[in-house]
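**Q** Using my numbering, you'd call the opening residue of the sequence shown number 166 and step up by one each time.
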Amino acid sequence: MNSNKKNLEKIGFGKWVLKTVPPESLEQFDLARVIAVHKDSYTISNGEVDVLAELVGKLLFNASSPIDYPAVGDWVLANFYDENSFGIIH
Numbered sequence: 166m167n168s169n170k171k172n173l174e175k176i177g178f179g180k181w182v183l184k185t186v187p188p189e190s191l192e193q194f195d196l197a198r199v200i201a202v203h204k205d206s207y208t209i210s211n212g213e214v215d216v217l218a219e220l221v222g223k224l225l226f227n228a229s230s231p232i233d234y235p236a237v238g239d240w241v242l243a244n245f246y247d248e249n250s251f252g253i254i255h
């Protein structure tokens with residue numbers, strides 16, 4: 166897990182989150198929490214920074230209804246880019 170656990174705990178991280186995420190995913194992505202939903206983007210937090218993020222194309226293509234998209238409070242796997250100024254949700 167790339168993100169600092171203490172920072173994640175500030176935004177509600179608990180060990181139960183790890184039970185739902187495959188370990189190999191934590192090697193590739195950071196855990197983040199959705200803190201706001203906008204029309205075509207999200208604000209996510211890793212407990213250290215809040216950044217605007219977009220969904221990876223696969224999520225957009227495979228979604229059959231709005232319930233398939235992340236909502237405020239959801240934990241997501243993400244990559245942070247440009248010195249933690251932008252993110253992609255996987």
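Glycine included, every Cβ here is placed at the ideal spot set by N, Cα and C.
Predicted model, so just to flag it, every value in this text is computed and none were measured.
Nearest-angstrom Cα distance between Pro187 and Asp215?
**A** Cα to Cα, the separation comes out at about 24 Å.
**Q** Would you say Asn244 and Gly212 are within 8 Å of each other, going by their C-beta atoms?
**A** No, these two residues do not count as a Cβ contact at 8 Å.
**Q** With a Cβ-Cβ cutoff of 8 Å, do Ala197 and Gly252 count as a contact?
**A** yes
**Q** Please report the distance separating the alpha-carbon of Leu224 from that of Trp240.
**A** 15 Å
**Q** When the Cα atoms are used, what is the spatial distance from Val182 to His255?
**A** 16 Å
**Q** If you draw a straight line from the C-alpha of Thr208 to the C-alpha of Lys184, how long is it?
**A** 24 Å
**Q** Can you give the Cα-Cα distance for Glu189 and Leu217, rounded to whole angstroms?
**A** 25 Å
**Q** When the Cα atoms are used, what is the spatial distance from Tyr234 to Asn227?
**A** 10 Å
**Q** Just list the beta strand (DSSP E) runs in the region 208 to 238, keeping only unbroken ones of 3 residues or longer that don't cross its boundaries, in chain order.
**A** Listed in chain order, the complete beta strand (DSSP E) runs (minimum 3 residues) inside the region 208 to 238 are 215 to 220.
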